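Asker: Before we start, here is the structure in question, set down as structure tokens.
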Amino acid sequence: MARSTAGNTPGDRAALGSTTLVSGSNEFVAERTIASAVRAVRAVDADADFVELAAPELGAAALVEITSPSLFATARCVVVRSLEGLPAEAVEPLVSYVESPAPDVALVLHHTGGLKGKSALDKLRKAGAVEVKAQELKSWEVAGWVADEARRQGSRIDRAAAEALAEAVGIDMRALAGAVDQLVADSAGASITAELVRRYFGGRAEVKGFSVADAAIEGKTSLAIEQLRWALSNRVDPVLITSAVAGGLRALARYVSAPRGLREADLAREVDVPTWKLKRLAAQSRGWSQRGLATAIVAAAKADADVKGAAGDRQWACERLVISVLRARALS
Amino acid sequence: MSVWDDIVGQDRLLDVLRSAVDGAGDALAGRRQDTMTQAWLFTGPPGSGRSNAARAFAAALLCEQKGCGACQACRTVLAGTHGDVIHILSEQLSIGVDTMRDLVRRSALSPVSRRWLVIIVEDADRLTDKAADALLKSIEEPTAHTVWVLCAPTVEDVLPTIRSRCRVLVLRTPPSDAVAAHLVAKDGVPESVATFAARASQGHIGRARALALDDAARTRRREVLRLPTQLVSLGACMTSAANVVDAATEEATPRSTALDAEETADLASAFGGGGGGRGPSGAAYAAAVKELQKNQRQRAKRLVRDSLDRSLLDLASFYRDVLTVQMGGGVELVNEEQRSEIEAVARRTTAEQTARHVGAIFAAREAVEGEVAPILAVEALMISLSGGPSR
Chain D
0 MARSTAGNTP GDRAALGSTT LVSGSNEFVA ERTIASAVRA VRAVDADADF
50 VELAAPELGA AALVEITSPS LFATARCVVV RSLEGLPAEA VEPLVSYVES
100 PAPDVALVLH HTGGLKGKSA LDKLRKAGAV EVKAQELKSW EVAGWVADEA
150 RRQGSRIDRA AAEALAEAVG IDMRALAGAV DQLVADSAGA SITAELVRRY
200 FGGRAEVKGF SVADAAIEGK TSLAIEQLRW ALSNRVDPVL ITSAVAGGLR
250 ALARYVSAPR GLREADLARE VDVPTWKLKR LAAQSRGWSQ RGLATAIVAA
300 AKADADVKGA AGDRQWACER LVISVLRARA LS
Chain C
0 MSVWDDIVGQ DRLLDVLRSA VDGAGDALAG RRQDTMTQAW LFTGPPGSGR
50 SNAARAFAAA LLCEQKGCGA CQACRTVLAG THGDVIHILS EQLSIGVDTM
100 RDLVRRSALS PVSRRWLVII VEDADRLTDK AADALLKSIE EPTAHTVWVL
150 CAPTVEDVLP TIRSRCRVLV LRTPPSDAVA AHLVAKDGVP ESVATFAARA
200 SQGHIGRARA LALDDAARTR RREVLRLPTQ LVSLGACMTS AANVVDAATE
250 EATPRSTALD AEETADLASA FGGGGGGRGP SGAAYAAAVK ELQKNQRQRA
300 KRLVRDSLDR SLLDLASFYR DVLTVQMGGG VELVNEEQRS EIEAVARRTT
350 AEQTARHVGA IFAAREAVEG EVAPILAVEA LMISLSGGPS R
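Here the protein sequences line up with chains D and C, keeping their order.
Just so you know, we're using numbering that gives the first Met the number 0 here: the first sequence kicks off at 0 and counts up by one.
Just so you know, we're using numbering that gives the first Met the number 0 here: the second sequence kicks off at 0 and counts up by one.
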């Protein structure tokens, strides 16, 4: 039975006598799958052998050797890495092994993605290998993955909490899994709530230039400075901050000077932003005068030159820009 | 006919170069040893013909008749294919030390023609400090038959150490009647268009030719000159800025895509591709492609910035005219066609404001040169020109 999961490894399923096929370049999922197979085998037999080799070394003879019964151990776990480099003559023996696996061997195959070795991959799937996809997450998959991850660790996380966590931690699976692990431990058996996520991860969002720009343009002084500090200490390049602020101001300036009474789609085209941004621009525009915007744009141009070498301290140039934007907002 | 025909309005300079060529002949014939300067620095405003002068000088040095303009040597030098002329032309933001080290090595070779090996470095102002340092020894004591010609807008654009090792020749801004006459004679442009183009380009020969021959260039210039009367609101400033930058991109893109395609094809055929078979492959080819693409991206950026700079200079010429009227200068206006608008603006504003506008334009040029996002720099400029945030 070929079963695909979105990167969550099956739990302590009896791994012996089966073949697990890890496909994809995400190292975190691959390592975790391998580790869980090893754990499963060790749980059955603490003295189990552990063999790891790269596919190019896997001739027909080697395959027979590693999968045949051993004199000294009852169980063994075999990990074959870089499956894309499997020699052509080794494909058939491997497939026929997967069709009738040895009962005391757990075989884990890792294909790191790409087109190479694709046909071997298809044959192995058909032969009954259990596939675990180790792909990088897409941004819209993160919340779902977090929920699966919490379930795997024996807890639950509601949708809002999962989204809050995704927003705070970002897209890196290793960091997400660590965060879920910590939350599961801290929630002491209860399900994980958005409130709990905010308590532990609030403010430590993956700060981008845009959040700095939005906070500054919306006149949230302390938030803007805080976000800027986070961004700079997370090594966001100052160039990205000045360009995000300039972009935000440009959109706002075009928004406030757009003709009245346009339909939403036309307005978005006129301002040159996606339609979902219009609402935010409408809210942002309330605090601003044309004169204020003009002042802020001139300050942004100066800061852009500063972070590109016209000034000695690039971080201070960013800070001064944020302060100038906040001040310009007060102009009427 | 002679190689000097394409050099416009530089009579004094020609005298110097002609006598240098005479001296070079003496040195070759063994009559005198000390008559040839082997390191030159040609300076002059953009478009005054620095690189043309350098090329003509090279042709005259390599020609048996001191620059007849008709022989094999003259024609190949002017076409850029003579083996004894090395031409370093950078379309990138800087010329690096690797290029220069290679050049220094080649400068030690003997010329094939047994006359001179002429090395022309256009845009010597783009030499990085390290690259310039790599040159010092070679231009101070060149190999017996090597002549270096560096070109830069002003003497200050090259390191003092380079400057002091070269003989400096200054090209002046060619007078507009000389440029107009040249356009009529060389390109067959009608007199009236030639006069307009020469005046509008303010002595930039290449720009004058583009204006005279290319409708799109004239249209773009007209649009830029309309800007000062259009900047009535923040929205107008933002839109105008976007238009100016878009126009610059539009002008530059076809040229850079054409160049890119040509180079990519050349590279592929150098690695054995083309001819209908499978394209070349392998790590060396992949690395070369990567390097090429990096250079192409830089050049594309450079071309957009150059085009934008021309627009900004056109804009500056408008305010220059306004200031001329305000100060009662009584000299020819660059934009004679727009006299009425210029006079209107001159009445409405003060000379001080105009001077500030010109300053803002030059600050924006500097910002664009300093890698500030072009759109942002132009937005800030338009806001300043509209009366500024302090309105």
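Even for Gly, the Cβ is constructed at its ideal location relative to N, Cα and C.
Keep in mind the model is a prediction, meaning the values are calculated, not measured.
Of all the alpha helix (DSSP H) runs that stay within the bounds of the region 77-120 of chain D, which reach a length of 4 or more residues?
Answerer: Here the runs fully enclosed are 87-98.
Asker: For a contact meaning CB atoms closer than 9 Å, what does D/S242 contact in chain C?
Answerer: For the purposes of this step, residue 242 of chain D is identified with residue 243 of the first sequence, where counting begins at 1. Here the neighbours are A372, L375.
Asker: Leaving out five residues before and five after C/H356 in sequence, what residues of the same chain have Cβ atoms less than 6 Å from its Cβ?
Answerer: Counted from its first residue, the second sequence places residue 356 of chain C at position 357. Only Y318, L384 meet the Cβ criterion.
Asker: What are the residues that DSSP puts in a beta bridge with C/F41?
Answerer: Translated into positions along the second sequence, residue 41 of chain C becomes position 42. For C/F41, which the question treats as bridged, DSSP gives the partners C/C150, C/L168.
Asker: So, is C/P253 buried or exposed, given that buried needs 16 or more other C-beta atoms within 10 angstroms?
Answerer: Locating residue 253 of chain C in the second sequence gives position 254, counting from the first residue. By the 10 Å Cβ count, C/P253 comes out exposed.
Asker: Find the residues of chain C that neighbour D/S256, judging by a C-beta separation of less than 9 Å, and give them in chain order.
Answerer: The residue you call residue 256 of chain D lines up with position 257 of the first sequence. Ordered by position in chain C, the residues that pass the 9 Å Cβ test against D/S256 are S232, L233, G234, A235, C236, M237, T238.
Asker: Against chain C, which members of the region 279-309 of chain D pass a CB distance test of less than 7 Å?
Answerer: So the list reads Q289, R290, L292, A293, T294, I296, V297, A299, A300, D303, A304, K307, G308, A309, given in the order they occur along the chain.
Asker: Taking the alpha carbon of C/R301 as the reference point, which residue from C/L134, C/T263, C/A251 has its own alpha carbon closest?
Answerer: Here residue 301 of chain C refers to the residue found at position 302 when the second sequence is read from its first residue. The residue with the shortest Cα to Cα distance from C/R301 is C/A251.
Asker: So for D/R41, helix, strand or coil by DSSP?
Answerer: As a first step, residue 41 of chain D must be located in the first sequence, where it is residue number 42. Three-state result, D/R41: helix.
Asker: Give a yes or no on whether the minimum CB-CB distance between D/A245 and chain C is below 8 Å.
Answerer: In the first sequence, counting from the first residue as 1, residue 245 of chain D sits at position 246. For D/A245, the answer is yes, since a Cβ of chain C falls inside 8 Å of its Cβ.
Asker: With DSSP as the reference, label C/I87 as helix, strand or coil.
Answerer: Taking the first residue of the second sequence as 1, we reach residue 87 of chain C at position 88. Looking at C/I87 - three-state DSSP - the assignment turns out to be strand.
Asker: Using alpha carbons as the reference points, say which of C/Q201, C/S1, C/S89, C/T238 lies closest to C/E222.
Answerer: Counting from 1 along the second sequence, the entry for residue 222 of chain C is found at position 223. Per the Cα distances, C/T238.
Asker: Determine which residues of the region 138-163 of chain C have a Cβ less than 9 Å from any Cβ of chain D, and write them out in chain order.
Answerer: Correct list: empty, as no residue qualifies.
Asker: Taking DSSP as the reference, what is the three-state secondary structure of C/I94?
Answerer: Translated into positions along the second sequence, residue 94 of chain C becomes position 95. Strand at C/I94.
Asker: Just checking, does the region 144-164 of chain C make contact with the region 106-124 of chain C on the three C-beta pairs under 8 Å criterion?
Answerer: The region 144-164 of chain C vs the region 106-124 of chain C: in contact.
Asker: Tell me which residues share the same chain as C/L210 and place their Cβ nearer than 8 Å to its Cβ, disregarding the 5 neighbours each side in the sequence.
Answerer: Mapped onto the second sequence, residue 210 of chain C falls at position 211. Excluding residues within five positions, the ones whose Cβ falls inside 8 Å are F195, A196, A199, S200, A216, R217, R220.
Asker: Count the other CB atoms, across all protein chains shown, that sit within 10 Å of the CB of C/A28; report buried if there are 16 or more and exposed otherwise.
Answerer: Against the second sequence, residue 28 of chain C aligns to sequence position 29. Under this definition C/A28 is an exposed residue.
Asker: Using a Cβ-Cβ cut-off of 8 Å (strictly less than) and excluding sequence neighbours within five positions of C/C70, which residues of its own chain qualify?
Answerer: Counting from 1 along the second sequence, the entry for residue 70 of chain C is found at position 71. Here the set comprises C62, E63, Q64.
Asker: Do you know offhand how far D/A204's Cα is from D/A300's?
Answerer: Walking along the first sequence from the start, residue 204 of chain D turns up at place 205. Walking along the first sequence from the start, residue 300 of chain D turns up at place 301. Reliability of the predicted coordinates at D/A204 is poor, the pLDDT of 49 falling under 50, and the value obtained from them is presented with this limitation in mind. Each residue's Cα considered, the two are about 27 Å apart.
Asker: Less than 7 Å between C-beta atoms, sequence neighbours within five positions excluded: which residues of the same chain meet that for C/V324?
Answerer: Here residue 324 of chain C refers to the residue found at position 325 of the second sequence. Here the set comprises I341, E342, A345.
Asker: Is the Cβ-Cβ distance between C/L233 and D/L325 less than 8 Å?
Answerer: Residue 233 of chain C sits at position 234 when you count from the first residue of the second sequence. Residue 325 of chain D sits at position 326 when you count from the first residue of the first sequence. Result no, Cβ atoms of C/L233 and D/L325 do not sit closer than 8 Å.
Asker: Any beta carbon of chain C sitting closer than 8 Å to that of D/A252?
Answerer: Within the first sequence, numbered from 1, the residue matching residue 252 of chain D stands at position 253. Answer yes: the Cβ-Cβ gap between D/A252 and chain C drops below 8 Å somewhere.
Asker: Based on the DSSP secondary-structure assignment, which residues constitute the bridge partners of D/I240?
Answerer: Within the first sequence, numbered from 1, the residue matching residue 240 of chain D stands at position 241. The partner list for D/I240 (beta bridge, DSSP) is empty, contrary to what the question assumes.
Asker: With 8 Å as the threshold, decide whether the Cβ of D/R259 is near any Cβ in chain C.
Answerer: Along the first sequence, one-based indexing puts residue 259 of chain D at 260. It does not; no Cβ of chain C falls within 8 Å.
Asker: Any beta carbon of chain D sitting closer than 8 Å to that of C/I360?
Answerer: The residue labelled residue 360 of chain C in the question sits at position 361 within the second sequence. Cβ-Cβ to chain D under 8 Å: no for C/I360.
Asker: So what's D/S22 in DSSP terms, helix, strand or just coil?
Answerer: By one-based count along the first sequence, residue 22 of chain D stands at place 23. DSSP places D/S22 in strand when its eight states are reduced to three.
Asker: At the 8 Å Cβ level, is D/R249 part of the contact set with chain C, yes or no?
Answerer: Here residue 249 of chain D corresponds to residue number 250 of the first sequence, with the count starting at 1. Closer than 8 Å: yes.
Asker: What would DSSP say about C/E155, mapped onto helix, strand or coil?
Answerer: One-based indexing of the second sequence puts residue 155 of chain C at position 156. Helix at C/E155.
Asker: Tell me the DSSP secondary structure of C/L16 in three-state form.
Answerer: Counting from one through the second sequence, the residue named residue 16 of chain C turns up at place 17. It is helical.
Asker: Using DSSP with H/G/I as helix, E/B as strand and the rest coil, what is C/R104?
Answerer: Residue mapping note: residue 104 of chain C aligns to position 105 of the second sequence, counting from 1. Reduced to three states, the DSSP call for C/R104 is helix.
Asker: Considering only C-alpha positions, which residue in the set C/A131, C/G202, C/A379, C/V117 is nearest to C/A235?
Answerer: Position 236 of the second sequence holds residue 235 of chain C. When only C-alpha atoms are compared, the closest one is C/A379.
Asker: Look at the alpha carbon of D/E318 and the alpha carbon of D/I224, and state the distance between them as a whole number of angstroms.
Answerer: As a working note, residue 318 of chain D is residue 319 in the first sequence. As a working note, residue 224 of chain D is residue 225 in the first sequence. Using only the alpha carbons, I get a separation of about 7 Å.
Asker: Can you name, in chain order, every residue of its own chain whose Cβ lies under 6 Å from the Cβ of D/R253, other than the five neighbours on each side?
Answerer: Mapped onto the first sequence, residue 253 of chain D falls at position 254. So the qualifying residues of the chain are V270.
Asker: What do you get for C/R296, buried or exposed, if any count of 16 or more other CB atoms within 10 angstroms of its CB means buried?
Answerer: Counting from one through the second sequence, the residue named residue 296 of chain C turns up at place 297. Classification for C/R296: exposed.
Asker: Run down chain D in chain order and give the residues with a C-beta less than 8 Å from the C-beta of C/S383.
Answerer: Counting from 1 along the second sequence, the entry for residue 383 of chain C is found at position 384. What C/S383 touches in chain D: V297.
Asker: On the DSSP letters alone, give me the boundaries of the beta strand (DSSP E) that D/D369 sits inside.
Answerer: The structure shown does not extend to residue 369 of chain D, since chain D spans only 0 to 331, so no value can be given for it.
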